Amino acid sequence: MELILEKGLSHQQKAVEAISAVFENVEISDKPQVYYQNPVIDLQSKTLLKNINKQQEKIIAEHRGSNDIENYLNLDVKMETGTGKTYVYTNTIYELHKQYKFNKFIIIVPSLSIKAGTKQFIEDSYTQKHFADVCGYNSNIELLTLEAQKSKKGKKYFPTSVRDFVIGSCQDKKKIYVLLVNMQLLTSGKMLSRDDYDYGVESFYQPLNALSETRPIVIIDEPHRFSKGQTAFTTICEKIKPQCIIRFGATFPEITKGKGKNKYQIRDYHNLIYELDACEAFNQNLIKGIAKEHFEPLSHNEEKVKIVNMKKNDYVTFHHIVKDKPIKKYTLNVNDSLSLISPAFEGITITAIKSATLVEFSNGLEKNKGEELNVNVYMNSYQEQMLKLALRRHFEVEKMNFCQRKFKIKTLALFFIDDIHSYRINKQLDKKPYLLEMFERILYKNIKEAIDNCNDEEWEYRLYLEYSLKHISECHAGYFSEDNSDTDEDIAKEVNDILHNKKALVSFKNPDGSYNVRRFLFSKWTLKEGWDNPNIFTITKLRSSGSENSKLQEVGRGLRLPVDENGHRVSNEDFYLNYIVDFTEADFAQKLINQINGERPEAATITDEMLWIIADKRGINDTNTVFFELGCKGYIDMNRNIRLDKREQLFNEYPEIATGLNLNKIKDVNKQKSVKIKIRPKIYNKLKNFWEILNQNYILIYDRDIDDILVEEIDRILNNSVFTRTYLQSSRQKIDFNEGKARIKEMSNIEEVIDNPLPYGEFLKKINRLTGIPVKVFHKAMINYARKHKIINMNKFINEQALNNFVTKFGEWKGNFLQGRFRYKSCKTFSHETALSNHNGIVKKEIVQGRIGTKIAQGEPCEKYLYDKIVYDSDLEKDNILSGEIDNIIVYGKIPRRSIAIPTIMGGTYSPDFMYVIKRTNGEKELNIVVETKDVKNKSELRTEEDIKINCAKIFFEQLKQNGYDVIFRKQLNGKKIRAIIDEVLDFE
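Going by the numbering used here, the first residue of the sequence shown is number 252, and it counts up by one from there.
Right, here's the structure in full:
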């Protein structure tokens, strides 16, 4: 499986364009003095500052930072974690090479895990193919990774990667040289600073001097780790001496301003030219939302006890942890009472300290070093409760991602723990570590329950779970800093999968066809920064972070939007990261919100722009009306100042002008009790006949000539470059010197085919599942194709690239050709449980909020409405719910999500939003209306697939009408009121 990269994502493209625009019309000499140097930027050019100022017009004034150019040009790019920072700076490298011929770049990262991720991304064959074929860059990156040298006696060899970077020639127009370095190599050791190597490069014997002479452009990843004045940054500026430093990060260093009582801290931005902060990232759904959850402690004092150390037959050390109080330390011996720690332990004593990791108490319980205990006589393990909660949340999401999608999403979970020894098996001991034993026991039980809850249609998920049950140890893996020196092959494979093989982690199958069930990852803080995986849906902190870390950094490992089984990023849904913490961090969600909103200066007044935004949103022609409205409601005074006590209420009612985070993007599950929405029986009974008509099972029947056309179309698509082979070609060059000048001499190269083969049978099954084409029909087409092209062995062409090519081209054909060439047929009468009714047809008492909408408004809906609360997803839906007093409406209701499954020609199903029963104009007969709401201003803003689904719905409801059911379907775009739709329907009756 390949992770599919997307070109032209607006939030990424804008960053690349902003950087490139800084150099427009600036004098850049592309004739360096020696062959290995970058083109020279005129740092004195006034155009540089002019270009920077132009880009900063879009930046909050307080964030622009110092606006000067010293010995080097500094540019800052702020992008929130999970929004594709590595992609952007890789794209920037290609763009600056294309536009300005720069071909020497040094990427400097703070840690080995970030280094591994960056190396994997840039070297990945699919990444190279993406930038070459999709983006059209006629060049390739040669990545040279600087690694620590092992000390050897004898000759001192100049670092190879530095040598190759330096001698890379600017005369090669298609080659970009990129050196990847981690911070530690700049700050510790003498590999780059020593000058006593036996051999140098271009007469340089000190690597730093050699790098300096290339006049590189330096890219710094995670700039908050490289504060100015720090050794690493000083080395970059004073030793490497780049022409330009571009800093990419979600967080930047802080500097202190003022003195004494007037001292304050600000972010050390330096020419910030692009800003995508957390607010924008969350609000634009570029990353997952966050749902924080913790277990409330059984003790009313919010306390727990942790076993931190012990010595066999001697003592045990405990930490008594109480929220918002200093930790108290207790050291107890055999026969000592735990009531010395808390009266809640009255009667419990230490009976034996059996080893350096195990203690026994008088109540018969044995506990391990590192365990955390509830403060009561039962001494429940707090960590066990957190594991149970985390696995419960995991399997809720996993089942939905596996069973309720056209393309499955593999669901992962990450656990941060205190101690490697509580998880890693010591092969010299017979007993499993306590945390590992606890986790596998709870996991086994959860998988068993999940298997029991599978119905007949979920057979594939059952197989996945059954394999997991038989291979529990394969379900989890760990990575700890100590693993870097471990020689165990199994541990090495775990580390490789986590650090270097992101594709494997998000794949359901191994290369041999067996299930890949590895989806639970354990670490200390080794994976805290720089590493992430898009399919992390749950993070559990079984340990404290130990400091007031950036809350965004902590959740950043799981913020990226997920990818499906085909490697496609799924961006058209609201996803949430479950974040499980203990009670000492119960305020985590609020602190996170404060941090996000604190990045932006608060609006103290209502501006003209805000008034126009409100007016435009509500269809008001002038801002004076809006100003009067806000004043009457007490939100602002006569001078447009926002009243502090009304601030939150103002932004709740007018979210379009809120400068902070959307309220539903970060949830505190402990404060959000599970909301049940009551279904009003009297209203349902009036909707019942209509509802049961909609809930009959229907199938798509295509026109008879489709089968013949289908065969021809399959042949046409197969002949349209489906079976192309992708090659990677090496570029080998030698530098010769002739008459004192260096020249490039091309050498013979090699080609490697990029191949992800599929067994033919699996290829046919996947084609069938993804397109609906019968296996026999497609097999026959494949035989015809092989005969036509005289191919004896097709197996070498059967791979994932061919599968993806065909499915994409076939989907395009279906969307264009099948419109109007099908009809719907009811396949059986209504006799099943629905979202609103039980199997016997009796209405349910309630429905969970999530089936109706993500937001709840205060107040009660109209008595004609199906539910007792105002639950909605968009402002347009809210308006519909509040517009129930229209005389012609008898009853109405929002249709539960995914409750009506209308098949579509694109292969999925479709469910509209609202159902209405209305009176005809003469009042004699009832009429049923189904409404699809789209909160966009015009039809052109609808995605192609959405438009096709809506067109299918039109045909479906027209078919119902022909079958004698009085149902009318209407599409509602933003700006059109439900009254207008009802009036239109009645006018045509």
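All C-beta atoms, glycine included, are put in the ideal place defined by N, C-alpha and C.
Since the model is a prediction, treat every value here as computed from it, not as a measurement.
So residue i and residue j are supposed to be a Cβ contact under 8 Å. How far apart are they, rounded?
i       : j       : result
Ser390  : Tyr338  : Not a contact, Cβ separation roughly 17 Å.
Ser365  : Leu394  : Reading off the sequence shown, one finds Ile at residue 365, where the question assumed Ser. Between Leu394 and Ile365 the Cβ distance is about 14 Å, and since that is not below 8 Å, they are no contact.
Gln422  : Tyr286  : 6 Å
Ile1049 : Leu1009 : 5 Å
Asp815  : Gly333  : About 17 Å separates the two Cβ atoms, so there is no contact after all.
Lys1120 : Ile1107 : 6 Å
Ile1169 : Ile1140 : 6 Å
Ala227  : Tyr1161 : No statement about residue 227 is possible, as the shown extent of the chain runs from 252 to 1240 and does not include it.
Ile1199 : Ile1153 : Not really, about 12 Å apart at Cβ, beyond 8 Å.
What first and last residue would you give for the beta strand (DSSP E) that runs through residue i?
i       : result
Phe499  : Cys495 to Gly500
Met561  : Glu554 to Lys562
Asp528  : Here Asp528 belongs to no beta strand (DSSP E), and DSSP marks it neither H nor E.
Glu816  : From DSSP, Glu816 is part of no beta strand (DSSP E); its letter is neither H nor E.
Asn302  : Premise fails: Asn302 lies in the alpha helix (DSSP H), Lys297 to Gln306, not in any beta strand (DSSP E).
Lys927  : Lys927 to Lys929
Gln1223 : Val1218 to Leu1224
Thr582  : Lys579 to Asn584
Lys237  : No statement about residue 237 is possible, as the shown extent of the chain runs from 252 to 1240 and does not include it.
Ile1156 : From DSSP, Ile1156 is part of no beta strand (DSSP E); its letter is neither H nor E.
Gly829  : This sequence places Asn at residue 829; Gly is not what is there. Its beta strand (DSSP E) spans residues Tyr827 to Val832.
Tyr766  : First-last for Tyr766: undefined, no H or E at that position.
Lys514  : Where Lys514 is concerned, there is no enclosing beta strand (DSSP E), given that its DSSP letter is neither H nor E.
Asn325  : Leu324 to Met330
Asn391  : Asn391 to Thr396
Taking the C-alpha atoms as reference points, what is the distance between residue i and residue j?
i       : j       : result
Lys555  : Glu597  : 15 Å
Gln263  : Met330  : 9 Å
Lys492  : Arg476  : 19 Å
Lys842  : Ser632  : 27 Å
Ile831  : Ser454  : 57 Å
Glu1308 : Ile790  : An answer regarding residue 1308 cannot be provided, because it is not within the stretch 252 to 1240 covered by the chain.
Ile578  : Ile592  : 12 Å
Arg414  : Leu750  : 27 Å
Glu464  : Gly451  : 14 Å
Ile541  : Phe826  : 8 Å
Ala728  : Tyr718  : 17 Å
Leu437  : Pro474  : 15 Å
Lys336  : Arg811  : 11 Å
His1083 : Asn1089 : 8 Å
Asn989  : Asp384  : Any answer about Asn989 is weak, because its pLDDT of 41 lies below 50 and its placement is not dependable; what the coordinates show is given next. Going from the Cα of Asn989 to the Cα of Asp384 covers about 36 Å.
Cys654  : Ile1103 : 20 Å
Gly511  : Ile517  : 16 Å
Tyr525  : Ala266  : 6 Å
Ile1180 : Met1166 : 6 Å
Leu254  : Met861  : 41 Å
Glu907  : Thr856  : 15 Å
Since residue i is in the alpha helix (DSSP H), which residue starts that stretch and which ends it?
i       : result
Asp1126 : Asp1126 to Ile1132
Ser340  : Here residue 340 turns out to be Tyr, not Ser, going by the sequence shown. Start and end: Lys336 to Tyr351.
Thr1059 : Glu1051 to Phe1068
Gln636  : Tyr633 to Cys654
Gly368  : Leu363 to Glu374
Arg713  : Trp710 to Lys721
His751  : Glu740 to His751
Asn1046 : Looking at the DSSP string, Asn1046 is not in any alpha helix (DSSP H), and its letter there is neither H nor E.
Which runs of the alpha helix (DSSP H) fall wholly inside the stretch 419-494 and span at least 4 residues, in chain order?
With a minimum length of 4 residues, the unbroken runs of alpha helix (DSSP H) contained wholly in the stretch 419-494 fall at 435-438, 458-464 and 482-486.
The stretch 445-464 / the stretch 313-321 touching (three or more Cβ pairs under 8 Å)
They do not touch, by the three-pair rule.
Taking one C-beta from the stretch 960-967 and one from the stretch 1031-1042 each time, how about it: are there three or more such pairs within less than 8 Å?
Output reads yes: the stretch 1031-1042 touches the stretch 960-967.
Complete alpha helix (DSSP H) runs within the stretch 670-705 (minimum length 4 residues, chain order):
Positions of the alpha helix (DSSP H) runs, each at least 4 residues long and wholly inside the stretch 670-705, are given as 685-703 in order along the chain.
The stretch 556-566 in contact with the stretch 600-614 per 3-pair CB rule at 8 Å:
Enough Cβ pairs lie closer than 8 Å, so yes.
Are there three or more Cβ pairs, one per stretch, closer than 8 Å when the stretch 321-328 is compared with the stretch 484-504?
The stretch 321-328 makes contact with the stretch 484-504; the number of CB pairs closer than 8 Å reaches 3 or more.
Completely contained beta strand (DSSP E) runs for the stretch 1161-1186, where each covers 3 or more residues:
Fully enclosed beta strand (DSSP E) runs of 3 or longer: 1165-1170 and 1177-1185.
Can we say the stretch 291-304 touches the stretch 273-280, given the rule of at least three CB pairs closer than 8 Å?
Short answer: they touch.
Report yes or no: do three or more beta-carbon pairs, one from the stretch 660-679 and one from the stretch 612-624, lie closer than 8 Å?
The stretch 660-679 vs the stretch 612-624: in contact.
Are at least three pairs of beta-carbons, each pair with one atom in the stretch 1116-1136 and one in the stretch 1037-1049, less than 8 Å apart?
Counting Cβ pairs under 8 Å, fewer than three are found: no touch.
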